[in-house]
Amino acid sequence: MFDRVRDFLARRYPQDKVNLHLLHGQAFLSDAYIEMQRLSRKLIQDQQDAELSRQSFEAGQICDENDSDDDPHGHGVVAESWFAQNKKQGLLAPFAVGTVDQALLAVLQTKHMFVRLFGLTGKTVILDEVHAYDTYMSTILERLLEWLHALGCSVVMLSATLPKARRHALTRA
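Going by the numbering used here, the first residue of the sequence shown is number 38, and it counts up by one from there.
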């Protein structure tokens, strides 16, 4: 799923720098995610180097002949390190792919739950394999759906075998 979302964002925003984060406990094992973090650090360094060159030029110092007028902001799908500092901040990124528990924690009485709720505000939330959730998770999911509605979110629930009664219960939530 992460690779598909990354590829979609690269096609959708070819000239922009887009933040995408992988939110689950094993994210550090993803080569693609690690490469996106490296690209983010490189773009930030390039931006800082361009700013130093501009300041040197304005101060009357000689610029390197290899300096160019390229866009110092860069572009691409990246994973800026600030959003990866802890799991709470990950949902604040413009785009994220993760396990459902990251969203469910937003409605449980946990420390900084409001940060997670704020991170979900106004976003499109896609929930996969909804039929596989147990009774406990389904109850929390219903509460999450109530909050997502209040926060102006769009929700897409994917399931191949969700019973009709359960489908109606989730859409009412």
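Idealized CB from N, CA, C, for every residue including glycine.
Predicted model, so just to flag it, every value in this text is computed and none were measured.
Tell me which residue opens and which closes the beta strand (DSSP E) that residue 193 is part of.
Translated into the one-based positions of the sequence shown, residue 193 becomes position 156. Segment 191–194, the beta strand (DSSP E) holding residue 193.
Determine the contact status of residue 134 and residue 47, defining contact as a CB-CB distance below 8 Å.
The count along the sequence shown starts at 1 and reaches residue 134 at position 97. The count along the sequence shown starts at 1 and reaches residue 47 at position 10. Cβ atoms of residue 134 and residue 47: not closer than 8 Å.
Could you tell me the distance, in whole angstroms, from the CA atom of residue 61 to the CA atom of residue 136?
Working through the sequence shown from its first residue, we reach residue 61 at position 24. Working through the sequence shown from its first residue, we reach residue 136 at position 99. Here the C-alpha atom of residue 61 lies approximately 6 Å from the C-alpha atom of residue 136.
From residue 202 to residue 186, what distance separates their C-alpha atoms?
The residue labelled residue 202 in the question sits at position 165 within the sequence shown. The residue labelled residue 186 in the question sits at position 149 within the sequence shown. If you take the alpha carbons of residue 202 and residue 186, they lie about 20 Å apart.
So residue 57 and residue 132 are supposed to be a Cβ contact under 8 Å. How far apart are they, rounded?
Walking along the sequence shown from the start, residue 57 turns up at place 20. Walking along the sequence shown from the start, residue 132 turns up at place 95. Right, their Cβ atoms sit about 4 Å apart.
Is it buried or exposed for residue 127, if we count other Cβ within 10 angstroms and need 16 for buried?
Taking the sequence shown and counting its residues from 1, the one referred to as residue 127 is at position 90. So residue 127 counts as buried.
So what does DSSP say about residue 54, is it helix, strand or coil?
As a working mapping, residue 54 is identified with position 17 in the sequence shown. Looking at residue 54 - three-state DSSP - the assignment turns out to be strand.
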